[in-house]
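As structure tokens, the structure follows; a few thoughts come after it.
Numbering (my numbering), first residue to last: 1 to 234.
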């Protein structure tokens, strides 16, 4: 397996974060968009700096509110995605994290979401890129990794896979054994975070009270046992 960490997890400016991540022994970095936007330089400069400190850019994240939109918002979402693809190629990563839609405009339906992601997968493939779809715990229609996996399964595109996050699964009490049946090659990325067990609104809990693995009370071992059973080694 390859170890990585998202820039949002630590303090400092982007360059300080990259140096710290490399010195801590991680192999890769997830570039969080807020850090990218606040950086005084072009995407290619960030990509060069990532490589200079000996890291790989694992993923660019997050791309929000994409799937299940009515027109004209749907067409605009595809245009936004193409611009994100431009950034990815300059950063030097082939993977983007798309989190499930939270917009009031979003329409439900597994097939609708699958059709949108299959089309985006085709656009990504034309540029040698991949898409990872993640169920946000507070997603409007998709807030369970089982539904996210069904979207990915129905879309059936080689450049589209699932992204799993321990917080989004465990905060909702979703049975982790459901992970065991997911093909390993369709899991594109796994994010591991802990949290104290507190009864509060999911978005605030996630944004303000996440911990590093082992510092909280989420049942991470059960999650990881289920993940290992798939054969995932990414």
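Glycine is no exception: its CB is placed at the ideal position from the N, C-alpha and C atoms.
- In the structure shown, residue 142 falls within a coil segment according to DSSP collapsed to helix, strand and coil.
- For the pair residue 124 and residue 69, the Cα-to-Cα distance works out to about 19 Å.
- Taking a C-beta distance under 8 Å as the contact criterion, residue 137 and residue 168 qualify as a contact pair.
- For residue 85, the uninterrupted alpha helix (DSSP H) run begins and ends at 73-91, by DSSP.
- Sequence-distant Cβ neighbours of residue 106 in its own chain, meaning closer than 8 Å and more than five residues away, are 65, 67, 68, 69, 140 and 141.
- In this structure residue 27 touches residue 2 by the C-beta definition: roughly 5 Å separates them, less than 8 Å.
- When DSSP reads this structure, residue 150 sits in no beta bridge, so it has no partner.
- By a beta-carbon distance limit of 8 Å, residue 146 does not contact residue 188. Their separation comes to about 17 Å.
- When the beta-carbon positions are compared, residue 197 and residue 217 come within less than 8 Å of each other.
- In this structure, the CA atom of residue 127 is about 14 Å from the CA atom of residue 78.
- DSSP, read as helix, strand or coil, puts residue 198 in coil.
- Distance between residue 204 and residue 213, taken at the CA atoms: about 19 Å.
- Annotation: the continuous beta strand (DSSP E) that includes residue 6 extends over 4-6.
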